[in-house]
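Each remark here refers to the structure printed beneath this line.
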Amino acid sequence: MTKERSDLLQGTVTMLVLKALQVEPMHGWGITERIEHWSEEVLQLGQGTLYPALYRLERQDLIQSEWRVTENSRRAKYYSLTTQGRQQLEKELAQWRRASRAVNQVLDVTLASARPA
Amino acid sequence: MSWIRESWNRIRSVTRVDALERGLDDEIRFHIEQQTQKNLRAGMTPDDARRQAYVKFGGVERFKENTRDEFRPVLLQDSLLDLRYGIRALRRAPLFTVIAAVTLALGIGATTAVFAVVYGVLIKPLPYHDSDALVSLKHSAKSLGGGPPVGLSLSLFVSYARENRSFEHVGVWSRGTDIVTDGIAAEEVATLNVSAGALRALGIQPAMGRTFLDADGASNATETVILMDGYWARRFGRDRSIIGRDISIGARPRVVVGIMPPSFRFLDETPEVLVPVRIDPATLTLGGFNFEGIARLAGGVTMQRASTDLARILPIWIQSWPSYPGVDRNEFGDMTPLVKSLKQDLASNVGNMLWVLMGTIAMVLVIACANVANLVLVRAQDRQHELAIRTALGAGRGRLARQLLVENLVLGMLGGALGLLLAAAGLRVLSSIGEGSLPRLQEIAISPIVLELTLALSLCAALLFGGIPIAKLGLKHFDMTLRPAARGATSSRERNRARNFLVVVQVALAVVLLVGSGLMVRTFVALRAVPPGFTDPAHVQLARVNIPEAQIADAARVSQLQHDMLDRLATIPEVTSVSFTGNVPMANERSRAGIYREDVPLNNQSEPPLRWFRFVAPGFFHTIGTRVVAGRDFTWVDVDNSRPVVVISQNLARELWREPTAALGRRIREGTESPWREIVGVVADVYDDGVHRPAPAIVYWPSFMQTFVGQPFNIKRSVTFALRTSRAGSEGLLTQVRDAISSAQAGTPITRVRTLGDVYAHSMAATSFALVMLVIAAAMALILGIVGIYGAIAYAVTQRRREIGIRAALGASRHELQAMFVRHGVILALIGIACGLAGALALTRLMASLLFGTSPLDLTVYVLVSVGLASVAALAAYVPARRAALVDPVLTLRGD
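Top line first, the protein sequences correspond to chains X and A.
Everything in the first sequence is counted per the working numbering, starting at 1 for the first residue and increasing by one.
Everything in the second sequence is counted per the working numbering, starting at 1 for the first residue and increasing by one.
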């Protein structure tokens, strides 16, 4: 029953999904489209990985879902952020920024400055 | 707490798995279609567009499966598995399961039963609307000489009702009896004289008809009556047309105005009919404190404020009403109002005792848990092998811990369920023992809150006895050995320490309980040793006879009739002595007032203290066995001629004249206008308030007098005959008594049939109840404690067989080996006893108010308990230790 998951990957997917829903409610396909579009097609997540993440987030009450009709009259499940989801997104963003700044600093270290005088 | 909600969402999703499943299919289909359309827009062929969409999604079935994992009820399924596994594990060890479950059941059952009593008697609100606002009104007075407080006189009630600023409603009530002569046979019924305000305070509406109105209490109103449901059913077969009809009560017609609902109870009283208290303000005097007061506080008024308010009214009351003729009104000057919560007042005698009991029983529960913990520890050790295998097969530590916990929970629930059955049975026993000593008995039941407690107890017990072994065993050890478990030659010190600790706890608690019950036994013995003022009460038959005024108006004729009845009763075979009294000793049937002395001028007599009055016929002292210390008893010549004579109790004689003989010939009177009455006899003290209280001073008046406190006659119409006979209590005797009474006056029933022994036992009922309960608890504690010691030593012996074998092979004698284990047991017991004695010193202080004739620090009890327990512990260790001596070194060593 143990599920193999990379914590880093999972954490990132969570954040991306929450971010994608920040503006307006969206269905699953729309979320993948949005992420790909915003990342200028760099982030090509395997579209299937999205669904386990969506169901987990819903169970954790970070997002909620609702069946609605799209502009071209199709039935689709729309996801939207809950208040908790919004808070979680803020937290994750802050964390991510701190972590990525730290990583960047490490990567920016030049050979000269790294060697103690 | 997000994990709680998350688990909840998971559990909830069980119920809608199908819906989620279908939703997922639709969702993914929609996704693929959208992607396909996008691909089409990008210029792909339809086939290509569809294929590329699938590729981009990744394996549809794989992701579906992954997604399902998110909403499948994993945890729940696992828990069910644990549960099944736990039950199977317990069934594999039936002896362990039975012993553990029964031990737990005893602890939980006893705790549940006692809690049911505590809840019903002390905690549960009274069954009236907004019952917290209900208070009882009583008064203490210095002149009562430390006796129990008194209630209200009718004049005081009227003053309170007129002047108070604290009560929404206020009322009075008193018990009584009267004879109903409607229909077939005359019968005496218990009546409740109650004012309209008392019923309003309780907020009771009758099932039919109306309740009493203030107008019913006017002296010139039509006489009315309300029937209790039980009496209505028994006597009138629930005939609804009874309302508005007259029935004859006390040979006078009364109109039935209402029927009470079946659920209605008036406090702890069991009347059959309610009659209104009738008040004629023109005839009221200050005295006559024969009524109980009850009130409902107005919104926002505290008991403290109400008390201050009543204290303000008391001086107004003293000035508003006449005193008895010849009684100084200052006699009433030292009264203090006592406003108490009605609920507390009802249970005032047993509150402390019940809490002590509750604590006692809780200790028994802890001991039981310690015993089970010990068992679980032993079993966990035996299962090390199994657990090690499961660890090796990949079970995580948390998983194993959860598994053990679920197993213990199952055990706890089993114990709880059995305990509940025990409690239900125990409650019946408790109620029958508590009859007469416990108020609100009918409210004791296994209610939802009691069930909740049982559940909580079972859970806590499971955590307690299951948690210790889990923590102590340290699950980290499990992975270490896949070697044959028995090879773990000596048990680890860690585990032994846990077991020893449990044994010490058990012994310590057992000491506390044994000391407690020992003190109770001493108290009981001390109480029985006090001569109550009468002898061999079991052979004194009591029966009450009432001659209503409507039947015979003339007081002198009543006296003659009573004399006649007495003569007829005396002819019954084997009756050695007969007499009667207006109020039975120790039965809380008395009146009291002050007396004046001839040898001390009135103005020197500051406020005569109140004395108990008792009215007796000649021969009463002889019949019940009260010794005449000086002078003589009354004679029928005294009574028939209304001679001014009186008998007093020894302590009153000593108080006023130092010597019983010095009192003879002195004269006293009960009112300043009465004739002086000569003291002709002094009798031994009777412990009327119960043998645990000082014997009150009692003034004995003849059963019939020409004048009394300004009234023209004094006759007790309701008297209790006392017959000394070895046949007391037998049916044959009662038949003869009935015959004798009705041959003197046809159709006169006898009531309140009991022996003086019953009255005596009843006066000690609360102590007996506490004694029985504490002894039961202590016995349970002792047995469980012994089993604990026995088990610990027996287990140590089995664990250390190899060591014993080696020692024996090296030449240790049997005796030495045996002594080694006995010493182990005794040391544990001694540590336990030391802790227990310290605990007992601290805790028995709480039960000081239950004790009599012994101090909470009674040395004898402490020594006896310590020595006794140490010996029993040595014995409990000796039995298994003998097995150690029997170990054959060759066999043991080869066995490995």
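Think of the CB as a built atom: it goes at the ideal place given N, C-alpha and C, for glycine as much as any other residue.
Since the structure is predicted, the reported quantities are computational estimates derived from the model, not experimental observations.
Option in the options with minimal Cα separation from residue i
i                 : options                                   : result
Arg627 of chain A : A:Ala392, A:Ala306, A:Arg643 and A:Val647 : A:Val647
Met902 of chain A : A:Leu875, A:Ala848, A:Leu891 and A:Ala870 : With chain A represented from 1 up to 896, any question about residue 902 of chain A goes unanswered, as that position is not in the structure.
Leu213 of chain A : A:Ile242, A:Ile179, A:Val257 and A:Ser174 : A:Val257
Lys142 of chain A : A:Gln506, A:Asp334 and A:Asn374           : A:Asp334
Gly625 of chain A : A:Pro585, A:Ala653 and A:Val645           : A:Pro585
Val60 of chain A  : A:Arg51, A:Thr45, A:Thr720 and A:Ile28    : A:Ile28
Leu857 of chain A : A:Ser447, A:Met820, A:Leu843 and A:Arg693 : A:Leu843
Ala93 of chain A  : A:Ala829, A:Tyr862 and A:Arg379           : A:Arg379
Pro644 of chain A : A:Val682, A:Val861, A:Phe708 and A:Ile786 : A:Phe708
Ser323 of chain A : A:Ile741, A:Met780, A:Thr672 and A:Ile831 : A:Thr672
Residue i versus residue j - alpha carbon distance
i                 : j                 : result
Ala746 of chain A : His762 of chain A : 32 Å
Leu310 of chain A : Arg278 of chain A : 23 Å
Arg557 of chain A : Asp564 of chain A : 10 Å
Arg487 of chain A : Ile827 of chain A : Low confidence applies here, because Arg487 of chain A scores a pLDDT of 42, under 50, leaving its location unreliable and the question unanswered by this model.
Thr751 of chain A : Leu542 of chain A : 9 Å
Trp701 of chain A : Thr735 of chain A : 31 Å
Pro548 of chain A : Phe704 of chain A : 16 Å
Gln799 of chain A : Gln381 of chain A : 10 Å
Glu65 of chain A  : Gly412 of chain A : 38 Å
Leu137 of chain A : Arg165 of chain A : 15 Å
Ala766 of chain A : Ala695 of chain A : 19 Å
Gly109 of chain A : Arg499 of chain A : 25 Å
Ile313 of chain A : Gln344 of chain A : 24 Å
Arg305 of chain A : Leu199 of chain A : 23 Å
Trp29 of chain X  : Val372 of chain A : 59 Å
Trp232 of chain A : Asp268 of chain A : 19 Å
Asp479 of chain A : Gln403 of chain A : With a pLDDT of only 44 at Asp479 of chain A, under the threshold of 50, the placement of this residue in the model should not be trusted; the figure read from the coordinates follows. The alpha-carbon atoms of Asp479 of chain A and Gln403 of chain A are separated by roughly 16 Å.
Gln194 of chain A : Pro337 of chain A : Position check: residue 194 of chain A holds Val in this sequence, whereas Gln was assumed. Taking the straight line from one Cα to the other gives about 21 Å.
Leu475 of chain A : Arg88 of chain A  : Residue placement at Leu475 of chain A is flagged as unreliable, the pLDDT there being 48, under the threshold of 50; the coordinate-derived value follows with that caveat. Rounded to the nearest angstrom, the two C-alpha atoms are 21 Å apart.
Ala553 of chain A : Val158 of chain A : 30 Å
Thr490 of chain A : Arg62 of chain A  : Note that Thr490 of chain A has pLDDT 44, beneath the 50 cutoff, so the model's placement of it is unreliable and no number is given.
Phe236 of chain A : Arg265 of chain A : 20 Å
CB contact below 7 Å: residue i versus chain A
i                 : result
Gln47 of chain X  : yes
Trp29 of chain X  : yes
Arg97 of chain X  : no
Pro52 of chain X  : yes
Ala76 of chain X  : yes
Tyr79 of chain X  : no
Ser6 of chain X   : Note that Ser6 of chain X scores a pLDDT of 40, beneath 50, so its modelled location is shaky; the value from the coordinates is reported in the next line. Output row for Ser6 of chain X: interface = no.
Arg68 of chain X  : no
Arg56 of chain X  : yes
Ala117 of chain X : Low confidence applies here, because Ala117 of chain X scores a pLDDT of 44, under 50, leaving its location unreliable and the question unanswered by this model.
Cutoff 7 Å: residue i Cβ touching any chain X Cβ
i                 : result
Gln34 of chain A  : yes
Glu70 of chain A  : yes
Thr798 of chain A : no
Glu292 of chain A : no
Lys138 of chain A : no
Phe63 of chain A  : yes
Thr391 of chain A : no
Ala19 of chain A  : no
Asn66 of chain A  : yes
Gly43 of chain A  : no
Phe115 of chain A : no
Lys56 of chain A  : yes
Glu27 of chain A  : yes
His129 of chain A : no
If we require 4 or more residues per run, which alpha helix (DSSP H) segments fall completely within the segment 161-206 of chain A?
Taken in chain order, the complete alpha helix (DSSP H) segments of 4 residues or longer contained in the segment 161-206 of chain A are 196-202.
Which complete alpha helix (DSSP H) runs does the segment 30-66 of chain X hold, if anything under 4 residues is left out?
50-59
Whole beta strand (DSSP E) runs in the segment 288-359 of chain A with 3 or more residues, listed along the chain?
292-297 and 335-341
Taking 8 Å as the threshold, find out whether the segment 119-139 of chain A comes into contact with the segment 282-296 of chain A through three or more Cβ pairs.
In short, these stretches touch, since the Cβ pair count reaches three.
Check whether the segment 771-790 of chain A and the segment 503-519 of chain A touch, using three or more Cβ-Cβ pairs below 8 Å as the test.
yes
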